[in-house]
Amino acid sequence: MLKVGLIGAGFIGNLHANDWQAVKGAKLVTVADISHDKAKRLAGKFNLRWTDNGEAVVGDDEIDIVDVCLPTMLHKEYVLKAAKNKKHVFCEKPIARNLADAGSMVQACKKANVKLMIGHVVRFFHEFVKIKEQIEGGAVGRVGVVRTSRCVGFPRFSPESTAWYSDFDKSGGVALDLIAHDFDWLRWCFGEVERVYGRGLAHKLKDHIDYALVTLRFKNGVIAHTEGSWAEPGGFKTAVEIAGDKGLIDFKSDEAKPIHAWMKRAEGGNSAPETAAPILTSPYTLELQEFVNSIVENRAPSPSPEDSIKSLKVALAALESIKTGEVITL
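The sequence shown begins at 6 in the working numbering and counts up one residue at a time.
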């Protein structure tokens, strides 16, 4: 049984702590947070040890896996410390704020011969898995145009989180923190991106954009328009539209029957909509299980660290394009 230590008892840390309870082959045993109250409260929910010192977790000989649920600007520090102590590391997305930090994290884990996986959880959402399966199965034929949308209100989990999300140098804003989910999922479906163009608007934040619209051109010719917003008044919404030469897949998270597929008939017209099956397992449980399985089976996790670096490159190119108004070639 692999022993897990979690660092960060905020929103995502609480989510992970709950999902670790359902992961086979691993057991969450300790939690750390600089806030005594947060650490103690989360530990009490699951009968865990707790500390206000993250270094105590990475230095604990009992711990096999460190789960880093910290703000982006702290990822490098704790991944490097965990690797130095020969711990496998699961870390929330995005991997880092810049490519230099990301590269050092990946190299440190390789040198220490420990696994590193970044939490691109959209790969594990049932609807997004179903859509990818339909694409690969040829349901819509050759894909030409894709549209994704991920919109929510500004992150206000706590005063501390509001502060770092609002600091562009720390969070990277909506293009790096929010639609990084879509950049990774789109790469998973369609391969490598060759050109990036982005536009952004500032609604509530003076120093950086909280709305972005990014166009990606893939090497296989697919064009994707990816929208993200931290200024959505109506709660969290995400949507996907896949247009191919044989049909269309449409997904909207706020509908009771979220996935619909319209296929061309030989005689013309559209087929009846198809609906996704209900979610049976939390996608967060599935991603943590994938990480544990990769350790037990001694293989690379999916997504791999290299996948996460490539997705970061797309996000950083989007930010550069928004800043300069130029198309960025990768």
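C-beta atoms are modelled at their ideal positions from N, C-alpha and C, and glycine is treated no differently.
What's the gap between the Cα of residue i and the Cα of residue j?
i	j	result
H80	D38	14 Å
L47	L181	28 Å
G240	I184	16 Å
M78	M6	31 Å
K135	R54	39 Å
G108	L11	23 Å
G274	F130	Low confidence applies to G274: its pLDDT is 47, below 50, so where it sits in the model is not reliable enough to give any reading.
A236	T167	14 Å
H125	K8	22 Å
A277	L285	Per-residue confidence for A277 stands at a pLDDT of 44, beneath the threshold of 50, marking its modelled position as unreliable; the derived number appears in the next sentence. Using only the alpha carbons, I get a separation of about 25 Å.
D65	L293	21 Å
I264	L191	17 Å
K137	F256	12 Å
C156	S234	5 Å
E325	G59	34 Å
D57	H21	18 Å
D172	I17	19 Å
V332	G49	51 Å
L32	E260	According to the sequence provided, residue 32 is Lys. The question's Leu does not apply to it. In a straight line, the C-alpha of K32 is about 36 Å away from that of E260.
A207	H186	21 Å
N225	L218	21 Å
A336	N90	Because residue 336 is not part of the residues shown, which for the chain are 6 to 335, the question remains open.
E197	E67	40 Å
N118	Q26	26 Å
N303	V297	10 Å
V301	D174	37 Å
A266	K45	47 Å
Mind reading off the beta-carbon distance from residue i to residue j? Whole number of angstroms is fine, and I expect it under 8 Å.
i	j	result
E199	T329	No, E199 and T329 are not in contact; Cβ-Cβ is about 18 Å, not under 8 Å.
K120	H93	4 Å
F35	V62	Looking at the sequence provided, one finds Thr at residue 35 rather than Phe. Yes, they are in contact, since the Cβ atoms of T35 and V62 sit about 6 Å apart, within 8 Å.
I70	F51	Actually they are not in contact, since the Cβ atoms of I70 and F51 sit about 16 Å apart, beyond 8 Å.
A87	K43	That pair is no contact at about 20 Å.
G146	K251	3 Å
I214	G158	Not confirmed; about 15 Å, so no contact.
S163	Y170	Not confirmed; about 10 Å, so no contact.
D106	S287	29 Å between Cβ atoms; not a contact.
S309	E295	Actually they are not in contact, since the Cβ atoms of S309 and E295 sit about 11 Å apart, beyond 8 Å.
L85	M122	Between M122 and L85 the Cβ distance is about 16 Å, and since that is not below 8 Å, they are no contact.
I228	V127	Not confirmed; about 20 Å, so no contact.
Identify which residue in the options has its Cα closest to the Cα of residue i.
i	options	result
M268	L20, I140, F51	I140
S258	L206, T243, H265	T243
T231	G124, R204, L253	R204
F133	E246, E325, G239, S309	E246
V28	S299, F188, F16, T77	S299
G30	L191, T290, L218, V84	T290
I327	G10, T220, A101	T220
R152	F188, S163, G124	F188
I100	E325, L324, K315	K315
K318	L104, P160, A266, L218	L104
F195	S176, F223, T56, A207	F223
Y83	E67, G249, A113	A113
Y202	P238, E260, A323	A323
G249	A144, V148, N118	V148
P160	L321, P238, D312	P238
S40	N303, L33, L75	L75
Y216	E67, S154, N303, A117	S154
N19	E67, I68, E97	E97
A320	E302, D174, R102	R102
D312	I254, I68, W193	W193
A4	N118, K45, L253	Residue 4 lies beyond the residue range present for the chain, which begins at 6 and ends at 335; the question has no answer from this structure.
Using DSSP bridges, identify the partner residues of residue i.
i	result
A61	Paired residues: none, contrary to the question.
E232	S154, L218
W169	According to DSSP, which records beta bridges pairwise, W169 is partnered with nothing at all.
V145	Its beta-bridge partners do not exist; DSSP assigns none.
D72	L11, F95
D255	E246, H265
Y289	Per DSSP, none; premise fails for Y289.
T333	The residue asked about is misnamed: residue 333 is Ile in this sequence, not Thr. DSSP lists V201 as partners of I333.
K32	K8
F195	In DSSP, F195 forms no bridge with anything.
R54	T35
L206	Y216
F223	V198
Please tell me whether residue i has its Cβ less than 7 Å away from any Cβ of chain C.
i	result
D106	Annotation note: the requested chain C is absent from the structure, which comprises a single protein chain.
(message) Ignoring anything shorter than 3 residues, give me the beta strand (DSSP E) runs that lie fully in the stretch 74-139, in order along the chain.
(response) 93-97, 121-124
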